[in-house]
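J.: If you read the sequence shown in the numbering used here, its first letter stands for residue 1382, the second for the next number, and so on.
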Amino acid sequence: MLNITGIAASSGVAIAPAFKLEHPDFTVTKREVADSAAELARLEDALTKSRQELESIKERTLQELGEKKAEIFASHLLILDDPELLTPVQDKIANEKVCAEFALNETAQEFISMFENMKSAYLQERAADMRDVTKRVLIHLLGLSYVNPAEISKEVIVVAEDLTPSDTAQLNRKYVKGFTTNIGGRTSHSAIMARSLEIPAVVGTKDVLEQVKDGDLIIVDGLEGTVIINPDAETVKQYEAKRDAHLRQIKEWRLLREEPTTSKDGVHVELAGNIGTPNDVDGVNDNGGEAVGLYRTEFLYMGRTEMPNEEVQFNAYKTVLERMEGKPVVVRTLDIGGDKELPYLDMPKEMNPFLGFRAVRLCLDRTDIFSTQLRALLRASVYGNLRIMFPMIATLDEFRQAKALLMEEKAKLIAEGIEVSDNIQIGIMVEIPATAVLADQFAKEVDFFSIGTNDLIQYTMAADRMNERVSYLYQPYNPSILRLVKMVIDAAHKEGRWAGMCGEMAGDTTAIPLLLGLGLDEFSMSATSILPARSLISKLSKAEMEELAAQALQKSTAQEVVELVRAIKL
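Shown next, in the form of structure tokens:
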């Protein structure tokens, strides 16, 4: 039995066999062969196995995720039977006497390079498809072992070096009971997605991937940040009891599902949920969410081979608005860049992508992409209570440009005879210190602020939130962060605007008393954090928390602030 300590990223306890998710080494070596016929047969065998896999995945995807998602695998099947790809591969094997994997890889790379350099968006998208299909066939030719996370079909705990946002988005919580990774922090996107999926997760363990073998029984304790490998029977029994106790606590919290979020002295605040897909709305409603405070639309663009068109986006936004039945829905426009990339979008490699060409900066440059999203949002606006939020705003000019594009698309739609709501609030994420400092000027032009603390903290502290070596500097309770938050809230209230928070700090039980005292109007968090937050706020006096926050602002260190909050008697 081995205990490993990491960072508790998503609450709960999971007990299941380990599933190691490792991306294999696709390095191909040129090897001459004597028997070309045998090599051609080996190629055909690999192609047949790949076809069978894709047929199975396509069918399951059709049943579970719908026709649109299944189309990806249908296009992959077409590539596997494309003579323009296969004939040159077969010719190389027969004429040059080279191994099948070299012939396939060399030919495929020629096509990929050609597609990537073409101006046609369709052909650029074919490059990503070609790359995926080639890897699938190479897995069989090279004798590699790899299962895509979307293909997991039994109960497991996923163990990985890290999970990309697209990896995490593909996890099926019916089978994936939890996950643990070597790297990452509580605010990494894999951790945020775990909370959306409501599965326990422990990240930043440093070496869990090296310590675990496939099939090992492991326990992931997302409450304490512990991973236990091959526990004995008594330990399993203890953690089963802990899991059951946590589930009972969840049942108690659920009694508050239909209650308003009101402090002990009768002050109401709004508790909202963060979502990544339309399916996540059910989690917000099931947990008594009063709004969607952050819809991360970038996940609509991920896990695809092409840019989602206007109709695809319209249907997604319409679904979310309808399911929320008139409750507010804050939709963040495309926030790609940093650690979120799109394989079909040719973005430059940057030394520091978190400070680079991302989010609204990309959208203002690629107005073709941005305008499509804005049209889809405006068309969907009549189906609910839509609020549009622009991310990564650093200057007033950026906000004005983004708003002008929105108004331009609105005018076009109206001219086309398409109905658009006249009651759309337009706001910004405050995640750049410069924006927080100038909040008094922004407040004159925006309808609302939503503070994105995940980035605001890392930018203020100059500490990459994905880097464990500087994780000690990720300090949401640092008085400098609290002062920036207060500046934003005060600026909003002075102009009659509301201020929310959609970073993970909003659902943090240590931060909630401080934020209530600072006057935050809306707290948006992972759905599973809503009811625990409601329970906590009901025990707090807003007036007393104002005094607490005033004291916290005068402290010198984050630890002093934490000790101040811990002294509260509930």
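For each residue, glycine too, the CB sits at the ideal point set by N, CA and C.
Among all the DSSP beta bridges, which residues are the ones paired with Leu-1996?
T.: Residue 1996 lies beyond the stretch modelled for the chain, which goes from 1382 to 1951, so this question has no answer here.
J.: Which ranges does the beta strand (DSSP E) cover as unbroken runs of at least 3 residues, wholly within the region 1568–1656, from first to last along the chain?
T.: 1582–1584, 1598–1602, 1607–1610, 1651–1656
J.: In the structure shown, what three-state DSSP assignment does Thr-1890 receive?
T.: For the purposes of this step, residue 1890 is taken as the residue at position 509 of the sequence shown. If DSSP states are grouped into helix, strand and coil, Thr-1890 belongs with coil.
J.: Apart from the five residues on each side of it in sequence, which residues of its chain come closer than 7 Å, Cβ to Cβ, to Ile-1870?
T.: Start at 1 with the first residue of the sequence shown, and residue 1870 comes out as number 489. Excluding residues within five positions, the ones whose Cβ falls inside 7 Å are Ala-1880, Leu-1899, Gly-1900, Leu-1901.
J.: Gln-1806 bridges to which residues according to DSSP?
T.: For the purposes of this step, residue 1806 is identified with residue 425 of the sequence shown, where counting begins at 1. Arg-1768, per the DSSP bridge assignment.
J.: Sorted by chain position, which residues of the same chain lie with C-beta nearer than 6 Å to Ala-1541's C-beta, five sequence neighbours on each side aside?
T.: As a working mapping, residue 1541 is identified with position 160 in the sequence shown. Non-local C-beta neighbours of Ala-1541 in its own chain, meaning closer than 6 Å and more than five positions away in sequence, comprise Leu-1402, Thr-1562, ordered along the chain.
J.: Please confirm if the region 1749–1767 is in contact with the region 1531–1541, defined as three or more CB-CB distances below 8 Å between the two stretches.
T.: Taking 8 Å as the limit for Cβ pairs, the verdict is that the region 1531–1541 does not touch the region 1749–1767.
J.: In chain order, what residues of the same chain have a beta carbon less than 7 Å from the beta carbon of His-1457, not counting five sequence neighbours either side?
T.: Your numbering for residue 1457 matches position 76 in the sequence shown. Contacts found: Leu-1435, Asp-1510, Asp-1513, Val-1514.
J.: Is it true that the CB of Asn-1476 sits closer than 7 Å to the CB of Val-1409?
T.: Along the sequence shown, one-based indexing puts residue 1409 at 28. Along the sequence shown, one-based indexing puts residue 1476 at 95. No, the Cβ-Cβ distance between Val-1409 and Asn-1476 is not below 7 Å.
J.: Give the DSSP bridge partners of Arg-1713, in chain order.
T.: To locate residue 1713, count along the sequence shown from 1; it is residue 332. Arg-1713 pairs with Arg-1677, Met-1770.
J.: In whole angstroms, give me the CA-to-CA distance for Ala-1399 and Lys-1558.
T.: Numbered from its first residue, the sequence shown carries residue 1399 at position 18. Numbered from its first residue, the sequence shown carries residue 1558 at position 177. Rounded to the nearest angstrom, the two C-alpha atoms are 10 Å apart.
J.: Which residue comes first and which comes last in the beta strand (DSSP E) that contains Phe-1780?
T.: Position 399 of the sequence shown holds residue 1780. Where Phe-1780 is concerned, there is no enclosing beta strand (DSSP E), although the alpha helix (DSSP H) it sits in stretches over 1777–1796.
J.: Is Val-1943 closer than 7 Å to Tyr-1853 when the C-beta atoms are compared?
T.: As a first step, residue 1853 must be located in the sequence shown, where it is residue number 472. As a first step, residue 1943 must be located in the sequence shown, where it is residue number 562. The answer is no: Cβ separation not under 7 Å.
J.: What are the boundary residues of the alpha helix (DSSP H) that includes Val-1942?
T.: Position 561 of the sequence shown, counted from the first residue, corresponds to residue 1942. Where Val-1942 is concerned, the enclosing alpha helix (DSSP H) stretches over 1939–1947.
J.: Does the pairing of the region 1593–1604 with the region 1420–1433 give three or more beta-carbon distances under 8 Å?
T.: no
J.: What residue does the beta strand (DSSP E) around Ala-1541 start on, and which one ends it?
T.: By 1-based counting over the sequence shown, the position of residue 1541 is 160. Element bounds for Ala-1541: 1537–1541.
J.: Between Val-1665 and Ile-1656, which are expected to be in contact by the criterion C-beta below 8 Å, what is the C-beta distance as a whole number of angstroms?
T.: Sequence index remark: in the sequence shown, residue 1665 carries index 284 (1-based). Sequence index remark: in the sequence shown, residue 1656 carries index 275 (1-based). Yes, Val-1665 and Ile-1656 are in contact; Cβ-Cβ is about 6 Å, under 8 Å.
J.: Which residues in the same chain as Gly-1737 place their Cβ atom closer than 7 Å to its Cβ, once the five residues preceding and following it in sequence are excluded?
T.: Stepping through the sequence shown from its first residue, residue 1737 is reached at position 356. Answer for Gly-1737: Gly-1718, Glu-1731, listed in chain order.
J.: Glu-1876 and Ala-1930: beta carbons closer than 7 Å?
T.: On the sequence shown, residue 1876 is found 495 positions in, with the first residue counted as 1. On the sequence shown, residue 1930 is found 549 positions in, with the first residue counted as 1. No, they are not a contact pair.
J.: On the three-state DSSP scale, how would you describe Ala-1390?
T.: Position 9 of the sequence shown holds residue 1390. The three-state reading of DSSP puts Ala-1390 in strand, counting E and B together.
J.: Please identify the residue among Ser-1762, Val-1589, Gly-1524 whose C-alpha is closest to the C-alpha of Leu-1702.
T.: Along the sequence shown, read from residue 1 onward, the residue named residue 1702 stands at position 321. Considering only alpha carbons, the answer is Ser-1762.
J.: For Ala-1502, which residues in the same chain have their Cβ closer than 6 Å to its Cβ, ignoring the five residues on either side in sequence?
T.: Position 121 of the sequence shown holds residue 1502. Low local confidence applies: a pLDDT of 47 at Ala-1502 is under 50, so the model's placement there is unreliable, and no value is given.
J.: With a cut-off of 8 Å on the beta carbons, I'd call Pro-1772 and Ala-1815 a contact; round off their distance for me.
T.: By one-based count along the sequence shown, residue 1772 stands at place 391. By one-based count along the sequence shown, residue 1815 stands at place 434. Separation of the CB atoms of Pro-1772 and Ala-1815 is rounded to 15 Å, and the pair is thereby denied contact status at 8 Å.
J.: If you check the beta carbons only, do Ala-1887 and Met-1906 fall under 7 Å apart?
T.: Locating residue 1887 in the sequence shown gives position 506, counting from the first residue. Locating residue 1906 in the sequence shown gives position 525, counting from the first residue. Result yes, Cβ atoms of Ala-1887 and Met-1906 sit closer than 7 Å.
J.: Below 8 Å, how does it come out for the region 1911–1921 and the region 1835–1851: are there three or more Cβ pairs, yes or no?
T.: no
J.: Ignore the nearest five residues each way along the sequence and tell me which others in Thr-1488's own chain have a CB closer than 8 Å to its CB.
T.: Within the sequence shown, numbered from 1, the residue matching residue 1488 stands at position 107. Cβ contact annotation for Thr-1488 (same chain, cutoff 8 Å, sequence separation greater than five): Leu-1466, Pro-1469, Val-1470, Lys-1473, in chain order.
J.: For Lys-1699, verify whether its CB is less than 6 Å away from any heavy atom of the ligand FMN.
T.: This structure does not include the ligand FMN; it has no bound ligands of any sort.
J.: Enumerate in chain order the residues of its own chain whose CB-to-CB distance from Gly-1808 is below 7 Å, with the five nearest sequence positions on each side excluded.
T.: Position 427 of the sequence shown, counted from the first residue, corresponds to residue 1808. The answer, listed in chain order, is Arg-1768, Met-1770, Val-1827, Asp-1828, Phe-1829, Phe-1830, Ser-1831.
J.: Glu-1790 to Pro-1860, Cα distance in whole Å?
T.: Within the sequence shown, numbered from 1, the residue matching residue 1790 stands at position 409. Within the sequence shown, numbered from 1, the residue matching residue 1860 stands at position 479. Between Glu-1790 and Pro-1860, the C-alpha separation is close to 42 Å.
J.: Hey, could you find the ends of the alpha helix (DSSP H) Glu-1925 is sitting in?
T.: Residue numbering aside, residue 1925 sits at position 544 when the sequence shown is read from its first letter. It spans 1923–1934 - the alpha helix (DSSP H) in which Glu-1925 sits, taken as one unbroken run.
J.: Cβ atoms of Arg-1567 and Ile-1388: under 7 Å apart, would you say?
T.: If you number the sequence shown from 1, residue 1388 lands on position 7. If you number the sequence shown from 1, residue 1567 lands on position 186. Yes, the pair counts as a contact, with Cβ atoms nearer than the cut-off.
J.: Have a look at Thr-1607 and Val-1583 and give me their C-alpha separation to the nearest angstrom.
T.: For the purposes of this step, residue 1607 is taken as the residue at position 226 of the sequence shown. For the purposes of this step, residue 1583 is taken as the residue at position 202 of the sequence shown. Whole-angstrom Cα-Cα distance: 7 Å.
J.: Could you pull out every residue in the same chain whose Cβ sits closer than 6 Å to the Cβ of Glu-1621, ignoring the five residues on either side in sequence?
T.: On the sequence shown, position 240 is the one that residue 1621 refers to. There are no such residues.
J.: Please report the straight-line C-alpha distance between Leu-1977 and Val-1414, rounded to a whole angstrom.
T.: This structure does not reach residue 1977, given that the chain is present from 1382 up to 1951, and the question cannot be answered.
J.: Please state whether the Cβ-Cβ distance between Glu-1903 and Ala-1653 is less than 7 Å.
T.: Numbered from its first residue, the sequence shown carries residue 1903 at position 522. Numbered from its first residue, the sequence shown carries residue 1653 at position 272. Yes, the pair counts as a contact, with Cβ atoms nearer than the cut-off.
J.: Can you list, in chain order, the residues of its chain whose CB lies under 7 Å from that of Ser-1752, leaving out five sequence neighbours each side?
T.: The sequence position of residue 1752 within the sequence shown is 371, counting from 1. These residues qualify, in order along the chain: Leu-1786, Glu-1790.
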